[in-house]
Amino acid sequence: MKYALIIVSVSHSNIDHIFHYGIPENLRARIEIGMRVIIPFGKSNKKIEGYVTGFSDEADVDEGLIKDIVDICESYPIISSKRIELANWMKEKYYTTLSSCMQCIIPKKVNEKNFACVVLNSENESLDSEIEKVLKKDTKQKRVLELLLRGEEIPVSHIKNFLETDDAPINALVKKGIVKKVYEQVYRGNFNISSVKRAEAPELTREQKRVCDIIYDEMDNFTGKPVLIHGVTGSGKTEIYLRAIEKALKQGKEAIVLVPEISLTQQTVERFVSRFGDRVSVTHSRLSDGERYDQWTRARLGEISVMIGPRSAVFTPFENPGVIIIDEEHETTYKSDQLSPKYDAREVAQKLGQLYKCTVVMGSATPSVTDYYKAEKGEYRLAVLENRVNNLYPNVEIVDMRKELIKRNFSVFSEKLKYAISENLKKGEQTILFLNRRGYSTFVSCRECGYVMTCKNCNVNYTYHKGINKLNCHYCGASVNVPQVCPVCGSRHIRYFGTGTEKIEQEVNKYFPEARVLRMDMDTTKRKNSHQKILDRFRNGEAEILIGTQMIAKGLDFANVTLVGIIAADLSLNIGDYRSSEVTFQLVTQAAGRAGRAEKKGNVFIQTYSPKQYSIVCAAENNYLRFYNEEINYRKNMVYPPFTNIFFIMFTGVNEGLVKQRISELLYVMKHYNKNNMFTHLGPSPAVISKINNNYRWQIIVKCEDEVKLRNYVIFCIEKLNKSVDLKGIKIHLNMNPNYM
Ligand code: ADP
Ligand code: ZN
Ligand code: ZN
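If you want our numbering, it's the 1-based position in the sequence shown plus 1428.
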């Protein structure tokens, strides 16, 4: 063992390479695979981090050129060899570099002293006058204070980065008693875990027992098949997750629970903590690098055994995971569409499952069509919960908004919903008004017959582009004029869709001036913890009406909410995407599931211009199977996933002519190598958002049933293109089966 094989921790494709380094005598006995080390790198011998991935007796270059490792960072391997294998798998699967996968798996190391936070010292009685004194002079202390005057705790490391300063001004303020350091709260993120009371497990229902038995069986006799729980909202899935975790802990193993970030509320966390106490920890996107690293280390060292968190929690470095749970498995947030590697946490979980012989449990009231299809084919074990634990279901009514127009009601509320809201206010019960708005796209429809302008080639809705006043199809690139009259009924009432939550709030204020209203959307939840604060206020009865986007549809459980109004179900139905029916079914079902969770009967009104559309009808009936059967037929007929894979290629650049030319050249290359017409190409066409920051965006979509062949083909063709033309000025974005087109 003369040399260590090192992968460097720099995300840059041309150094995605294993380097040989010498091992100095003093490290020889201690060095292991998976350790993090400091190495000199490049001409300047800059000190950077790397990971030991193996050893060798042979040098890959002239021995004299090999440099020595400087030091090791921790006394233990930071990453197991199985996780190095995972990184290699991710590199192939998500066509990226090994080092970017390693960075995903291992959070940034941060000096531990740095992740203390500071906050204004409210115990200081002369705080105001002290602050004034500091603010008089233009000093670094003043600038630190200005940050803290917003009232939140801020990590010391952030202040130092932001103001480009050292500790001195912070320490001076601490000394004066104006600010104080806090450590405790950051440790567990923003969730208050210590005050949660222990709770006993309830007796399982017969259905729950059956589902648990399937999971236990898989945990005892590993077949490698994930278990998919299809259970209506309120059927007791979370209780089943708790039992699976309990079993893992009894086996001396650990558990990971993935939940969508927006469902990661205090209420959710408490259910796990009440059962497993301080063996539970939480991670989420608002943690600082230091906090995240801290969580990660505690898991690595076995201080905790259950980790709850969003997508990235799948990388929690447990030594011996027994179960990975994915709640609301249909959620698109499990796939990262923006950052590289564009990994899918469900796929990573399944890979980990194979590597560690660990059971993967996925649960949803509305499983993704692709996953249910896999269960149907026997790739997953299916477990079903048919009934709500309390056996209470809301009344669901579809309201045909076309008829409101005839009644000359131009409000966003139908007569029925308006009446129901006023009745609910009288009873002192709460209402949720829900707008399933998504993305930026606007569609065009007929107000009289509900017909939505649709591309004949692709059977998806046209998207309206205001700038050019045209309708575009984002699949085939077709572009047509906006019709003056409805092609179906001849009406002149053409409608450009796009209602916002603010508009709804205005109307609520107009019709129900006495009601107290909370609004939750991207605008009102930008600040730290504002999401949780709005929910807490609603739970405490500080408002009668909560208005929100899909953010409020998930997993919330409010006993006093007895009315849910879905304002415009069509918004998600017409997003110009083959998944629009699926998304609509999921959103409407989830939103409806918020009504009548406790003893009081719930009512749901679904307002729509397409009252016969199957995703709306089936959601109203709470009939997943009927929806699934319709949807899978449509996918089969149109050759959409799961019957094919869609590889999405986008070129961007400031010179639109060049972007168009290069992507057309790529198409030319692809057609040349498309020997047996195994691959189908669509485009080039402008992207949904055709220009961002003056960068033009053009795309090609390639389809093929075989995922591996498709990936290899696209990568191969892009490399060919790169060899024959200059790609300077062009950025290439690749995404396999993106959430949205
Ligand atoms: P889901 O996760 O499927 O939406 P939950 O696990 O949240 O369902 O269960 C719904 C409600 O029923 C919760 O209030 C939960 O405490 C309760 N519950 C679940 N299982 C049982 C049980 N076996 N006995 C009594 N109550 C239960
Ligand atoms: Zn019409
Ligand atoms: Zn089309």
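We put the beta carbon where it would ideally sit given N, CA and C, even for glycine.
As the structure is a computational prediction, the values presented were derived from the model and not from experiment.
Close Cβ partners of L1845 (< 6 angstroms) along its chain, the five nearest in sequence each way excluded
Beyond the five residues adjoining it in sequence on each side, L1845 comes within less than 6 angstroms, by CB distance, of G1993 and F2033 in the same chain, given in chain order.
Terminal residues of the alpha helix (DSSP H) in which I1451 lies
Unbroken run through I1451: none, as it is neither H nor E.
Taking T1524 and V1655 to be in contact with their CB atoms under 8 angstroms, please state how far apart those CB atoms are, rounded to whole angstroms.
About 30 angstroms separates the beta carbon of T1524 from that of V1655, a gap too long to meet the 8 angstroms contact definition.
State yes or no: is the C-beta of Y1431 within less than 8 angstroms of the C-beta of F1483?
Judged by beta-carbon spacing, F1483 lies within the 8 angstroms limit of Y1431, meaning their Cβ atoms are closer than that value.
Output the boundary residues of the beta strand (DSSP E) element that contains L1991.
DSSP places L1991 inside the beta strand (DSSP E), whose first and last residues are V1989 to I1994.
Quick one: Cα of H2042 to Cα of G1781, how far?
A small correction: the amino acid at residue 2042 is Tyr; His does not occupy that position in the sequence shown. Roughly 36 angstroms between the two C-alpha positions.
Separation of D2005 from L2149, as counted between CA atoms
Annotation: L2149 to D2005 spans about 29 angstroms, alpha carbon to alpha carbon.
Only counting the same chain, and skipping five residues up and downstream in sequence, which positions put a Cβ closer than 7 angstroms to that of N2031?
Closer than 7 angstroms at Cβ, skipping near neighbours: P1822, N1823, A1848, T1990, L1991 and A2023.
Which two residues bound the contiguous beta strand (DSSP E) that contains N2163?
Its beta strand (DSSP E) spans residues K2159 to M2164.
Which value, in whole angstroms, describes the spacing of the CA atoms of T1859 and F1966?
The straight-line gap from Cα to Cα measures roughly 10 angstroms.
Could you tell me whether any non-hydrogen atom of ligand 2 is closer than 7 angstroms to the CB of Y2037?
No.
Option in T1761, E1757 and E1775 with minimal Cα separation from A1793
The option with the nearest alpha carbon to A1793 is E1757.
Where does the unbroken alpha helix (DSSP H) through F2144 begin, and where does it stop?
That run of the alpha helix (DSSP H) goes E2135 to S2152.
State the beta-bridge partners of G2030 as determined by DSSP.
Paired residues: none, contrary to the question.
Could you pull out every unbroken beta strand (DSSP E) segment of at least 3 residues lying fully inside the stretch 1686-1767, listed in chain order?
As far as the stretch 1686-1767 is concerned, its whole beta strand (DSSP E) runs of at least 3 residues are 1708-1710, 1734-1737 and 1749-1755.
Which of helix, strand or coil DSSP assigns to G1492
It is helical.
First and last residue of the uninterrupted alpha helix (DSSP H) at I1507:
I1507 -> no alpha helix (DSSP H), and no H or E assigned at all.
The stretch 1791-1810 / the stretch 1678-1691 touching (three or more Cβ pairs under 8 angstroms)
Note that the stretch 1791-1810 does not touch the stretch 1678-1691; fewer than 3 beta-carbon pairs, one per stretch, sit closer than 8 angstroms.
Given a cut-off of 8 angstroms, decide if Y1644 and V1789 are closer than it, judged by their beta-carbon atoms.
No, these two residues do not count as a Cβ contact at 8 angstroms.
Quick one, are the C-beta atoms of A1627 and R1707 less than 8 angstroms apart?
No; because the gap between Cβ atoms is not below 8 angstroms, this pair is not in contact.
If you reduce the DSSP assignment to three classes, tell me which class S1873 lands in.
Correct three-state label for S1873: strand.
With a floor of 4 residues, list each alpha helix (DSSP H) that falls wholly inside the stretch 2063-2134, ordered by position along the chain.
If we require 4 residues or more, the alpha helix (DSSP H) runs fully inside the stretch 2063-2134 come out as 2084-2101.
In whole angstroms, give me the CA-to-CA distance for R2007 and K2028.
Going from the Cα of R2007 to the Cα of K2028 covers about 34 angstroms.
Could you tell me if K1938 is buried or exposed, where buried requires 16 or more neighbouring beta carbons within 10 angstroms of its beta carbon?
Label assigned to K1938: exposed.
Residue burial classification, G1718 (beta-carbon count within 10 angstroms, cutoff 16):
Burial call: buried.
On the CB-based measure, 16 or more other CB atoms within 10 Å of its CB, does Q1569 come out buried or exposed?
Counting of Cβ neighbours within 10 angstroms places Q1569 among the buried residues, the total reaching 16 or more.
Determine the closest residue to S1472 out of D1488, K1495 and P1452, with distance taken between C-alpha atoms.
Taking only the C-alpha atoms, the option nearest S1472 is K1495.
Who are the Cβ neighbours of S1919 in its own chain at under 6 angstroms, not counting the five residues just before and after it?
Sequence-distant Cβ neighbours of S1919 in its own chain, meaning closer than 6 angstroms and more than five residues away, are C1874 and E1876.
Simplified DSSP state of K1541, which is helix, strand or coil
Low per-residue confidence applies at K1541: pLDDT is 40, beneath 50, and the placement is therefore not dependable, though the value from the model is reported in the following sentence. Three-state DSSP puts K1541 in a helix.
Check whether the Cβ atoms of P2039 and I1826 lie closer than 8 angstroms to each other.
Taking 8 angstroms as the Cβ cut-off, P2039 and I1826 qualify as a contacting pair.
For T1794, the three-state DSSP class (helix, strand or coil)
Looking at T1794 - three-state DSSP - the assignment turns out to be coil, as it is neither helix nor strand.
Local conformation of V1908 per DSSP, three classes:
If DSSP states are grouped into helix, strand and coil, V1908 belongs with the strands.
So, helix, strand or coil for L1780, using DSSP?
Note: L1780 maps to helix in three-state DSSP.
State yes or no: is the C-beta of V1687 within less than 8 angstroms of the C-beta of D1755?
Yes, the Cβ-Cβ distance between V1687 and D1755 is below 8 angstroms.
Which value, in whole angstroms, describes the spacing of the CA atoms of R2090 and I2128?
Taking the straight line joining both Cα atoms gives about 11 angstroms.
Quick one: any contact between the stretch 1510-1522 and the stretch 1764-1780, if contact means 3 or more CB pairs under 8 angstroms?
Using a Cβ-Cβ distance cut-off of 8 angstroms, the stretch 1510-1522 and the stretch 1764-1780 are in contact, since at least three pairs of beta carbons, one from each stretch, lie closer than that value.
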